[in-house]
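> When the letters of the sequence shown are read in order and numbered with the working numbering, they come out as residues 1 to 256. For glycine and all other residues, C-beta sits at the position ideal for the given N, C-alpha and C. These figures come from a predicted structure and were not determined experimentally. Just passing along the structure, written as C-alpha cells.
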Amino acid sequence: MIACLLVILGVLLGVTLGLVGGGGSVLGVPILVYVAGVSVTEAIVITLVVLAVAGLVGVWIERKSGLIHYKATMVFGLSGAIGASAGSIFTSKVHESILLLLIAVIMVISGIAVMRSRDKSSPINRLKVVPPCRWIRCGSIGLLVGFLTGFVGVGGGVLLVPAMTLFANLPFRIATQTSLAVITINASFGFLGHLHSKIDWPLTLGFMLVVVVGLVVGQASRSRVSVQSLRIYFASLMILIAVTLMGNLLVNSLSG
Numbered sequence: 001m002i003a004c005l006l007v008i009l010g011v012l013l014g015v016t017l018g019l020v021g022g023g024g025s026v027l028g029v030p031i032l033v034y035v036a037g038v039s040v041t042e043a044i045v046i047t048l049v050v051l052a053v054a055g056l057v058g059v060w061i062e063r064k065s066g067l068i069h070y071k072a073t074m075v076f077g078l079s080g081a082i083g084a085s086a087g088s089i090f091t092s093k094v095h096e097s098i099l100l101l102l103i104a105v106i107m108v109i110s111g112i113a114v115m116r117s118r119d120k121s122s123p124i125n126r127l128k129v130v131p132p133c134r135w136i137r138c139g140s141i142g143l144l145v146g147f148l149t150g151f152v153g154v155g156g157g158v159l160l161v162p163a164m165t166l167f168a169n170l171p172f173r174i175a176t177q178t179s180l181a182v183i184t185i186n187a188s189f190g191f192l193g194h195l196h197s198k199i200d201w202p203l204t205l206g207f208m209l210v211v212v213v214g215l216v217v218g219q220a221s222r223s224r225v226s227v228q229s230l231r232i233y234f235a236s237l238m239i240l241i242a243v244t245l246m247g248n249l250l251v252n253s254l255s256g
C-alpha cells in the first residue's frame, strides 16, 4: 500500500516538475517523511539526488527546444548559490515555526504573482522572443532568491519561476524549463555537501525512477496545456501547500 502511494505521489512530483519546472523539494520532502517514514535530513538528501538526476533528464530532453535560457541558467545558478550560502547562516537563529510561516507566506505570494504575470510578447512570437538576462538585474534577483532559499529552505521553481517571469521578463514556458536547469545545478551541488550522509539507496533509486517517468510525461504534455492552465496549476499547488502548512502550525500552536 505504501509502495503504491509512493509511486503515485512520485509520478505526480515528476509531472509537476515537467509542467512548471518546480515544486520538487516542496513535494519531495513531505512525501518521503510522511509516506516513506524517513527522517527529514535523509528526505532532503534523497530529494536532492532525485532532483539532480530528474532535472538532468529534463534538460537533456529540452536541450534543442529553445525553451532553456542558458545565460539565465548560469546567472541564476551562480548568484543563487552565493545567496543560499549566506541565507543558511541565519536559519538556525529563527524559530522553526517562524520559518514555516515564512515559507507559507512566500508560497502564497509566489502563486499569486504567477497568476497575475503576463507574457509581454505576442502569442505567436511568445517562444521566439527571448529577452536578454542582464548580469546585474538577474544576478541581484538570483542573490535574493538564493538567500530566501538558504534561509527558509524553499527553492527551485517555487521562487525561481515567479522571479524569472516578473523581474527577468522571461516567458512563462521558458521560465519553467530554465528553472529546471537551475534546479539541476543547485541539487547537484547540494548533494555534494551530503556525500557523507547515509541514505536508503533502494528507496532513492525507486523513487527516482517514478519521478523521472512523471517528468517525461509532464514535459510531453506541456505543449498541449495552455500557459494560463499551467499558471493555475502552479498557483493552486503553491497555495494548497501553504494552507496546509498554516493549518499544521495552527493545530500545533493550539495543542501546545
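(1) How big is the Cα-Cα spacing for Ile31 and Val251?
(2) Compute the Euclidean distance between the alpha carbons of Val59 and Val50, then round it to the nearest angstrom.
(3) Measure the C-alpha to C-alpha separation of Gly87 and Gly21 and round it to an integer number of angstroms.
(4) Taking 7 Å as the cut-off, decide whether the C-beta atoms of Met164 and Ala175 are in contact.
(5) If distances are taken between C-alpha atoms only, which option among Leu5, Arg222, Ile44 and Ala3 comes closest to Val194?
(6) Once you ignore the five residues that flank Val38 on each side, which residues in its own chain have a CB closer than 6 Å to its CB?
(7) What's the gap between the Cα of Val217 and the Cα of Val15?
(8) Quick check: Val114 and Pro162, are their CB atoms within less than 7 Å of each other?
(9) Alpha helix (DSSP H) containing Gly58: first to last residue?
(10) Anyone know if the C-beta pair for Ala208 and Val53 falls short of 7 Å?
(11) Do you know how far the Cα of Asp200 is from the Cα of Tyr233?
(12) Can you give me the start and stop residues for the alpha helix (DSSP H) that Gly163 sits inside?
(13) Can you tell me whether DSSP reads Leu170 as helix, strand or coil?
(14) Thinking Phe76 and Gly142 are a contact (beta carbons under 8 Å), I'd like their distance in whole angstroms, please.
(15) Which of the three DSSP states is assigned to Ser197 in this structure?
(16) From Gly214 to Gly111, what distance separates their C-alpha atoms?
(17) Between which two residues does the alpha helix (DSSP H) harbouring Arg231 extend?
(18) Let me know if Ala220 comes out buried or exposed under the rule of 16 or more other beta-carbons within 10 Å of its beta-carbon.
(19) When the Cα of Val35 is compared with those of Leu56, Ile2, Ile8 and Thr47, which residue comes out closest?
(20) Could you spell out where the alpha helix (DSSP H) holding Ser25 opens and where it closes?
(21) Keeping to the same chain, check which residues put their C-beta closer than 7 Å to that of Ala241; ignore five residues upstream and five downstream.
In brief:
(1) 20 Å
(2) 14 Å
(3) 23 Å
(4) yes
(5) This sequence places His at residue 194; Val is not what is there. Measuring from the Cα of His194, the nearest candidate turns out to be Ile44.
(6) Leu32
(7) 6 Å
(8) yes
(9) Val40 to Ile61
(10) Note that residue 208 is Met in the sequence shown here, rather than Ala. Yes, they are a contact pair.
(11) 32 Å
(12) Looking at the sequence provided, one finds Ala at residue 163 rather than Gly. Unbroken alpha helix (DSSP H) run through Ala163: Gly157 to Leu166.
(13) coil
(14) 4 Å
(15) coil
(16) 22 Å
(17) Val227 to Ser255
(18) exposed
(19) Ile2
(20) Gly24 to Ile31
(21) In the sequence on display, residue 241 carries Ile and not Ala. So the qualifying residues of the chain are Val26 and Met107.
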